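Numbering (the numbering used here), first residue to last: 94 to 435.
Every residue gets a Cβ at the ideal spot worked out from N, C-alpha and C, and that includes glycine.
If you're wondering where the values come from, they're calculated on a predicted model, not measured in any experiment.
Here the structure comes first, spelled out in structure tokens, and everything after it is commentary.
Below, the structure is given as structure tokens:
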């Protein structure tokens, strides 16, 4: 959290033929704190790479700190083998005043569900965390959505109106049409959830929050149709941070862990309605999952294989009062492949 970026680059061409080389530190250059001519913010949190539809590589990170951070985006040009100058901030931390419960906040940060391409469109969805007196998950609120058709330069709201330009005029709290689902603070809204988008402009987002008037939290499914209409349903199950993918027939697969077990459910829309039916995916073997499972999106999209990366539960959990990092009991990392059939 909030540290300098550490960045190394492998020798050109190595990643194209990984089986033909002996992997070692000799394949990488020196550690750097810049991206070529692009200098990132001194405080970097949650850096993530993702592939652009034109073959380039994108980087997202949050600058500054929790509850007071900007959304940043950078681009690596695969043809020029260099980072593109002129991008940077596309979500602002300090434009607008948020008020709730008699308090007001001047600072906030976006917590991304995901940034992903579908066709040539880049989709971004997130929730806000405002600071008030301090950063707190209970200060999280509202589901936000924006998209870009020029690889993160220009940003539109769900209705197509331009609401931001990276490096010049960032998206902010009061950007028109940014909030697609109002969710108040104190709703138990989790951060870093999941979404999946289709090339026709539709997108499905799953977050966890409390139902109004209840204490327990469940997953909630929000979706945008190709015509820009939004739907919402509360799901009858919950777990840790989920991951979502969709198939060509428009069914969805949601994976998550609960009680240190891996779970997968399939959702299908009832024809002509805004209702969905969710059923557990019949798995040949149940396996433990300590933490939050990850999906290999490329395997899913190219091979229709649900490839799950997860960690098994350790033999025992260490407890310590030390403020320093302590090595825990190791446990296996696993990759399990499922071929999902309709």
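Judged by pairs of C-beta atoms under 8 Å, the region 325 to 337 does not touch the region 239 to 249, as fewer than three such pairs exist. For residue 351, the beta-bridge partners assigned by DSSP are 354. Secondary structure of residue 120 (DSSP, three-state): helix.
Secondary structure note for residue 141: its beta strand (DSSP E) is the uninterrupted segment 137 to 144. DSSP places residue 418 outside both helix and strand once states are collapsed to three, so it counts as coil. Taking one beta carbon from each stretch, the region 426 to 435 and the region 388 to 401 have 3 or more pairs nearer than 8 Å; the two touch. Counting C-beta pairs with one atom in each stretch, the region 209 to 220 and the region 186 to 201 have fewer than three that are closer than 8 Å, which means they do not touch.
Residue 108 sits in a helix when the DSSP states are folded into three classes. Residue burial annotation: residue 116 is exposed, with fewer than 16 other C-beta atoms found within 10 angstroms of its C-beta. The shortest CA-to-CA distance from residue 157 to any of 147, 182, 240 is the one to 182. Residue 127 and residue 306 have their C-alpha atoms roughly 48 Å apart.
In the three-state DSSP reduction, residue 396 falls in the helix class (H, G or I).
CA-CA distance, residue 159 to residue 386, rounds to 24 Å. Looking at the DSSP output, residue 401 shares a beta bridge with 388, 429. Residue burial is scored here from C-beta neighbours: residue 314 has at least 16 other C-beta atoms within 10 angstroms and is therefore classed as buried. In the DSSP assignment, residue 210 falls within the beta strand (DSSP E) that extends over 201 to 211. Only residues of its own chain outside the window of five on either side were considered, and among them 421 have a CB closer than 6 Å to the CB of residue 411, listed in chain order. Under the three-state reduction of DSSP output, residue 373 falls in the strand class. In the structure shown, the three-state DSSP call for residue 232 is helix. When DSSP states are grouped into helix, strand and coil, residue 130 belongs to the coil group. Excluding five sequence positions before and after residue 251, the CB atoms of its chain that fall closer than 7 Å to its own CB belong to 238, 270, 273, 317, 321, given in chain order. The beta carbon of residue 283 sits closer than 6 Å to those of 301, all from its chain and outside the five residues before and after it, given in chain order.
With contacts defined by Cβ atoms closer than 8 Å, residue 381 and residue 354 form a contacting pair. Counting the other CB atoms within 10 Å of its CB gives residue 146 a total below 16, which places it among the exposed residues. Where residue 167 is concerned, the enclosing beta strand (DSSP E) starts and stops at 164 to 170.
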